[in-house]
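The sequence shown lines up with residues -29 to -1, 1 to 177 when you count with mature numbering (1 follows the signal peptide of the UniProt record, and there is no 0). Right, one structure below, let's go through it.
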Amino acid sequence: MKDKLYSVFFAFALTLVFTLILASINALATGTIEVNEKLDFQKSLLYVFGFVQKDDKLSSKEIQELYGEKIVELRGEVDVYRAQVEGETGYAFTVQSPGLWGTITGLIAINASGTRMLGIDFVEHSETPGLGGRIDEKAFQQQFRNEKISSGPSGRIAVVSGQDTSSSEDSKVDAITGATRTSEAIQKLIDKAMNEVFPKVLKVVN
């Protein structure tokens, strides 16, 4: 009888110990993931404002120090991030819109007057690697840097194919070859950013 009780107690104690160990490991891993996600977002903010390049290799300390120096967080109906870029105030914010396979979350920086895009990054999406997934590429994103934003309700920055997009004053960038749906989704995301989210941004900052 004592042997049976001992076996049950031992099994229970062993299970409890392993459960606690696994819970501790999971908690540590979760904390590390959250820290890394925060650092990635902070670097994306620095990138859309033009303070760093997409492929810059920065330590956690460098990201945090530069972020603290350059970015001011403003909380309200939407989260807004303010920075001074070449003497001009800019505002960054996130916007979500449907993509081909799921929601695309964009991080966009706009000048205070809403007339020019300072930069764009895509912090979350499920687009097809090698096709729509190329929205992550520097070459695609750099097209939006300092691009003029049109005043019309649609095509605020048109994503087009087969047109001259060399000027930053024409409110047009090249679409991704073979990714028509994703390219259309990016244009809609920018329209939503300017027509729906930017007015809320102005309420937060004013």
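Even for Gly, the Cβ is constructed at its ideal location relative to N, Cα and C.
Query                                                                              : Result
Candidates K41, K25, L10: closest to K32 by CA position                            : L10
Continuous alpha helix (DSSP H) stretch holding I75: start and end                 : Not the alpha helix (DSSP H): I75 falls in the beta strand (DSSP E), residues 74 to 82.
Beta-bridge partners of E59, as assigned by DSSP                                   : V56
First through last residue of the alpha helix (DSSP H) which encompasses D162      : 151 to 163
For E155, the nearest candidate out of T136, S132, V172, N177 (CA to CA)           : S132
Exposure of G58, with buried meaning 16 or more beta-carbon neighbours within 10 Å : exposed
For S125, the three-state DSSP class (helix, strand or coil)                       : coil
Short Cβ contact (8 angstroms threshold) for I79 with S68                          : no
8 angstroms Cβ cutoff met for V168 and A146                                        : no
CA-to-CA distance, Q134 to residue 195, given in whole angstroms                   : Outside the modelled stretch of the chain, which goes from -29 to 177, sits residue 195, for which no answer is possible.
Span separating the alpha-carbon of R46 from that of V175                          : 7 angstroms
Alpha carbon of R105 to alpha carbon of F111, nearest angstrom                     : 7 angstroms
Reference I81; option with closest CA among N7, R152, L16, T153                    : L16
Cβ-Cβ separation, F115 to G90 (assumed contact under 8 angstroms), whole Å         : 7 angstroms
Helix, strand or coil at K119 according to DSSP, with G and I counted as helix     : strand
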